[in-house]
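Below: one structure, written as structure tokens.
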Amino acid sequence: LIGGAPTSKEFADQIGADAYCKDAFQAIDVLKGISSDT
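Going from the sequence shown to this note's numbering is simple: count from 1 and add 3.
Shown next, in the form of structure tokens:
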């Protein structure tokens, strides 16, 4: 999981990140989704 102002979706894809979030609030939603998948 990577995100925040200094990063981008393209960079996340380039380094093989599992997910990209534009901010901490979006990260919460993404992590909830990931944790419910397991």
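All C-beta atoms in this analysis are idealised placements derived from N, C-alpha and C, irrespective of residue type, glycine included. Quick caveat: nothing in here was measured; it's all calculated off a predicted structure.
{"query": "Distance between Cys24 and Ala8 (C-alpha atoms, nearest Å)", "result": "10 angstroms"}
{"query": "Run of the alpha helix (DSSP H) containing Asp16, from where it starts to where it stops", "result": "12 to 18"}
{"query": "C-beta contact flag for Ala20 and Ile31 at 7 angstroms", "result": "no"}
{"query": "Ala15 to Gln29 span [Cα, whole Å]", "result": "15 angstroms"}
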